[in-house]
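**Q** My questions will all concern the structure given below.
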Amino acid sequence: MRPRVTLKLATSLDGRIATASGESQWITGELARAEGHRLRASHDAILVGVGTALADDPLLTVRQPGLEDQQPIRIVLDSRQRLKPASKLVRSARKTPLIVMTVQLPSPALVRAGVEVIKVHAGRDGRVSLRHMLTILRGRGLISLLVEGGGEVAASFLRGDAVDRIEWFRAPILLGSEGRPGVGPLDVAELGLARRFRRLAVAPCGDDLWERYERL
18 MRPRVTLKLA TSLDGRIATA SGESQWITGE LARAEGHRLR ASHDAILVGV GTALADDPLL
78 TVRQPGLEDQ QPIRIVLDSR QRLKPASKLV RSARKTPLIV MTVQLPSPAL VRAGVEVIKV
138 HAGRDGRVSL RHMLTILRGR GLISLLVEGG GEVAASFLRG DAVDRIEWFR APILLGSEGR
198 PGVGPLDVAE LGLARRFRRL AVAPCGDDLW ERYERL
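Once you know that position 211 of the sequence shown is 228 in my numbering, the rest is easy, because the numbers rise by one and skip nothing.
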């Protein structure tokens, strides 16, 4: 048993989440960002990789009017505990719960700041085992998990066949092949082996396109 996992993507039309230089803020418009906050409010927890946490310094909170009391638990995949104590995530840990999933012993600095650090099994790549982490989360009563990025984390969940639903916001821009992909390499040897999803809906969301899929 594991939580139901929703992968949220906010990309250009060609599936990029940032320019080649790493610039990524506000790819999608205001309405898409508002829907993203509603998605956060509807899940028990929200997860990003430490790369996103370091690059964007996000809060990962719900800031949509009327939904501020529906804050998901925030989770960072951080195998080597690179998250900085001065980050917005850590500085707000006593107000909004923050969990760091790692393969190391807990960092005293993070623990002192009010972060819950959980040591989990390492996978073959030496990083956090998604299977073990998801088992731990389900054992704590978490039923739904929203995965927000970045590209490597999205790919790892897809490789692990751990995505039940996709909420994909596409902005009407093209960033080209030098842009950073919303989903990293999947190494699908044969097309028939790729996980397929059923489209649930496609609708405009301001100037953006909102596509929704669920696994077959």
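Every residue gets a Cβ at the ideal spot worked out from N, C-alpha and C, and that includes glycine. All values reported here derive from a predicted model rather than from experimental measurement.
On a CA-only basis, which of Gly209, Arg212, Gly166 is nearest Lys25? Give me that one, please.
**A** Gly166
**Q** Looking at the strands, I want to know which residues DSSP matches up with Glu195.
**A** DSSP, once it has assigned bridges, lists no residue as partnering Glu195.
**Q** At a cut of 8 Å, does the region 172-190 reach the region 42-49 through at least three beta carbon pairs?
**A** yes
**Q** Helix, strand or coil for Val180? Go by DSSP, reduced to three states.
**A** coil
**Q** Are the beta-carbon atoms of Ile190 and Pro20 separated by less than 8 Å?
**A** Cβ atoms of Ile190 and Pro20: not closer than 8 Å.
**Q** Can you look up Asp73 in the DSSP assignment and give me helix, strand or coil?
**A** helix
**Q** One question on the structure: do Leu64 and Leu94 come within less than 8 Å of each other, judged by their Cβ atoms?
**A** yes
**Q** On a Cα-Cα basis, can you pick out the residue from Leu192, Pro221, Ala211 that is closest to Ser29?
**A** Leu192
**Q** Taking the Cβ atom as the reference point for each residue, do Arg91 and Leu77 lie within a distance shorter than 8 Å?
**A** Yes, the Cβ-Cβ distance between Arg91 and Leu77 is below 8 Å.
**Q** Can you give me the C-alpha to C-alpha distance between Pro221 and Tyr230, rounded to a whole angstrom?
**A** 15 Å
**Q** Relative to the C-alpha of Gly140, which candidate in Gln121, Gly196, His54, Leu154 has its C-alpha closest?
**A** Gln121
**Q** Could you check what DSSP says for Thr152 in three-state terms: helix, strand or coil?
**A** helix
**Q** Please work out which residues of its chain come closer than 6 Å, Cβ to Cβ, to Leu115, disregarding the five sequence neighbours upstream and downstream, and give them in chain order.
**A** Arg91, Leu106, Val132
**Q** Give the C-beta separation of Met150 and Val137 to the nearest angstrom, bearing in mind that I take them to be a contact with Cβ-Cβ under 8 Å.
**A** 5 Å
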